[in-house]
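Same order as they appear, the protein sequences are chains A and B. Numbering (numbering that gives the first Met the number 0) for the first sequence: 0 to 240. Numbering (numbering that gives the first Met the number 0) for the second sequence: 0 to 240. Notes follow once the structure below has been shown.
Number of protein chains: 2
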Amino acid sequence: MSDDLDDRRPIHRRLSDQLASDIAQNKLRPGEAIPTEAELSARYKVALGTVRKALDHLVGKGLIERIQGSGSFVRRPDFGTAFVRFIRYFGSAGDRRMPKSRILSRDAVVGPREVTDALHLEGGTRVVRLRRLRSHDGLPVLSEEIWLEESRFAAVLTMPEMEPQLLYPIYESLCGEIVARAEETITIDVADEGDAELLGMVVGRPVVLIERLALGYDDRPIEWRRSRGAGSDFRYKVDIR
Amino acid sequence: MSDDLDDRRPIHRRLSDQLASDIAQNKLRPGEAIPTEAELSARYKVALGTVRKALDHLVGKGLIERIQGSGSFVRRPDFGTAFVRFIRYFGSAGDRRMPKSRILSRDAVVGPREVTDALHLEGGTRVVRLRRLRSHDGLPVLSEEIWLEESRFAAVLTMPEMEPQLLYPIYESLCGEIVARAEETITIDVADEGDAELLGMVVGRPVVLIERLALGYDDRPIEWRRSRGAGSDFRYKVDIR
DNA sequence: CAGTGGTCTAGACCACTGC
DNA sequence: CAGTGGTCTAGACCACTGA
Chain A
0 MSDDLDDRRP IHRRLSDQLA SDIAQNKLRP GEAIPTEAEL SARYKVALGT
50 VRKALDHLVG KGLIERIQGS GSFVRRPDFG TAFVRFIRYF GSAGDRRMPK
100 SRILSRDAVV GPREVTDALH LEGGTRVVRL RRLRSHDGLP VLSEEIWLEE
150 SRFAAVLTMP EMEPQLLYPI YESLCGEIVA RAEETITIDV ADEGDAELLG
200 MVVGRPVVLI ERLALGYDDR PIEWRRSRGA GSDFRYKVDI R
Chain B
0 MSDDLDDRRP IHRRLSDQLA SDIAQNKLRP GEAIPTEAEL SARYKVALGT
50 VRKALDHLVG KGLIERIQGS GSFVRRPDFG TAFVRFIRYF GSAGDRRMPK
100 SRILSRDAVV GPREVTDALH LEGGTRVVRL RRLRSHDGLP VLSEEIWLEE
150 SRFAAVLTMP EMEPQLLYPI YESLCGEIVA RAEETITIDV ADEGDAELLG
200 MVVGRPVVLI ERLALGYDDR PIEWRRSRGA GSDFRYKVDI R
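In structure tokens form, the structure reads like this:
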């Protein structure tokens, strides 16, 4: 462990923090195997049970997966389906066509106040802005504005436009930025002229507004996204304990 | 354990299932202490570590709480604040007045199809219906319809109307039904005449529709509730891992 | 087959709670 | 102070994976 001085925290806790930190710093990358229990036990001179407790804790935090007989692996969060969680589709049951994305514009601008605030940047920092329209069964479903710090994501401006664009893998391969989790805030608005044009809605009808802040393993903001969709398409289910 | 025959499941798993079942059958009631680790270890002739693993699992499921030096206790879920999770308030920051509830009507009727479906009852079963209006700072915020199986909840019809009515404690004391968890589905609608009257809204403006199914520890449906509120008051935050 | 994680045991010591 | 849960150890055996 990096700091053997702070003896007040339990060993299993220090070990899991150490590993979480390695993951945050991309020393251990998604999909990679982490050292085996025996290896960690020997390296840090702690009992196997203590190692197991640390790893179990990381499983609980969603950072790793354990596969018996194979090893323990850094988990790659799957946000591809998050879109689907919120929006209900009307297409026939057998229809499994992927939603399609079309990028409407890509540019770099001085960040509006709310964007720099959301991304924890200095006011006036330049940011990349993407506008994107997501469709299902040929019908527009979500219009998105996506904001990124320009200094880290300039490559996004010049990348060729591929078709089934999932952005997070692109951030990873092009910019070395790995999205670990996201915070979404859902509110309700009414359709304006832009929604009427992009989503084919009637002005004044309910719109669902989804604001998402994507964060790295180290909790640094990576991307801020604001999506608008027809309220009638929205459905969300929560479990309360 | 009740069935020592099924040896294929791990001991810690059988033990936690046994305890979960005791909780489901109200043999162990919310707030009560469960047997100590040592007690369970002796009674079931298993090692302490195995007992601990079983109890840790129950903590993860949200069924118990453990308090060092004191004991392990059946958890009482707190839904009183769920209302607050969805609705943002505008009152001054220092204002901590509790939201108020007023019951508009109480009666028993043949359950509408969607109600009996939600409660997993035979079509045509009689149900209790409550209408309730929840206000904050004197302004109506949520209008609710609450549905209960009449045969189990007839007492709700005749109870005196107390003021700070939290229903779930009433279900427990009057009917012996304990709510363990709930499933909520959020959709968006537009205001109708009823919303205009009860919530002071303009017809056609966005409404948030929250449907909640409350369940016991044994996953049997207890109550189905449908709440409507002004869309402009709605805000919900989710964390995605 | 060797190597991995999963289960289970037995026991020592610590930290906290409540009387 | 006695009793509780929390930490940690050391070691045995099992179940599964993949070459």
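We put the CB at the ideal spot given by N, CA and C, even for glycine. From a predicted model like this one, the values you see are computed outputs, not experimental measurements.
Proximity test, Cβ basis, 8 Å: residue i and chain B
i: residue 181 of chain A; result: yes
i: residue 231 of chain A; result: yes
i: residue 123 of chain A; result: no
i: residue 75 of chain A; result: no
i: residue 216 of chain A; result: no
i: residue 185 of chain A; result: yes
i: residue 199 of chain A; result: no
i: residue 142 of chain A; result: no
Residue i, buried or exposed, once every other Cβ within 10 Å from all chains shown has been counted against 16
i: residue 111 of chain B; result: exposed
i: residue 250 of chain B; result: Since the first and last residues shown for chain B are 0 and 240, residue 250 of chain B lies out of range.
i: residue 66 of chain B; result: exposed
i: residue 11 of chain A; result: buried
i: residue 44 of chain A; result: exposed
i: residue 165 of chain A; result: exposed
i: residue 69 of chain A; result: exposed
i: residue 172 of chain B; result: exposed
i: residue 200 of chain A; result: buried
i: residue 19 of chain B; result: buried
i: residue 150 of chain B; result: exposed
i: residue 108 of chain B; result: exposed
i: residue 226 of chain A; result: buried
i: residue 76 of chain A; result: buried
i: residue 71 of chain A; result: buried
Contact set for residue i: own chain, Cβ-Cβ below 6 Å, skip 5 residues either direction
i: residue 131 of chain A; result: 100, 102, 143
i: residue 186 of chain A; result: 208
i: residue 89 of chain A; result: Summary for residue 89 of chain A: the model assigns pLDDT 44, below 50, so the residue's position carries little reliability; its value from the coordinates is reported in the next sentence. Contacts found: none.
i: residue 94 of chain B; result: Residue confidence for residue 94 of chain B is low, a pLDDT of 49 falling below 50, so the modelled location carries little weight and cannot support an answer.
8 Å Cβ cutoff, residue i in contact with chain A
i: residue 234 of chain B; result: yes
i: residue 72 of chain B; result: no
i: residue 45 of chain B; result: no
i: residue 189 of chain B; result: yes
i: residue 207 of chain B; result: yes
i: residue 239 of chain B; result: yes
i: residue 78 of chain B; result: yes
i: residue 193 of chain B; result: no
i: residue 61 of chain B; result: yes
i: residue 109 of chain B; result: no
i: residue 11 of chain B; result: no
Which residues DSSP lists as bridging residue i, in chain order
i: residue 205 of chain B; result: B/189
i: residue 215 of chain B; result: Bridge partners of residue 215 of chain B: none, in fact.
i: residue 236 of chain A; result: B/184
i: residue 117 of chain A; result: None; residue 117 of chain A has no bridge partner.
i: residue 59 of chain B; result: The partner list for residue 59 of chain B (beta bridge, DSSP) is empty, contrary to what the question assumes.
i: residue 210 of chain A; result: A/184, A/225
i: residue 41 of chain B; result: Partner(s): none; residue 41 of chain B has no beta bridge.
i: residue 145 of chain B; result: B/129, B/224
i: residue 32 of chain B; result: B/72
Neighbourhood of residue i by C-beta distance below 7 Å, restricted to the same chain and skipping five residues each side
i: residue 184 of chain A; result: 210
i: residue 218 of chain B; result: none
i: residue 139 of chain A; result: 132, 197, 198, 199
i: residue 191 of chain A; result: 202
The region 227-238 of chain B touching the region 195-208 of chain B, judged by at least three CB pairs closer than 8 Å: Output reads yes: the region 195-208 of chain B touches the region 227-238 of chain B.
How do the region 165-185 of chain B and the region 193-201 of chain B stand: do at least 3 beta-carbon pairs fall below 8 Å, yes or no? Not touching, per the Cβ criterion.
Is the region 49-60 of chain A touching the region 6-22 of chain A, taking contact as three or more C-beta pairs under 8 Å? Enough Cβ pairs lie closer than 8 Å, so yes.
Under 8 Å: do the region 19-27 of chain B and the region 216-230 of chain A share three or more Cβ pairs, one atom per stretch? Touching, no, given that fewer than three Cβ pairs across the two stretches are closer than 8 Å.
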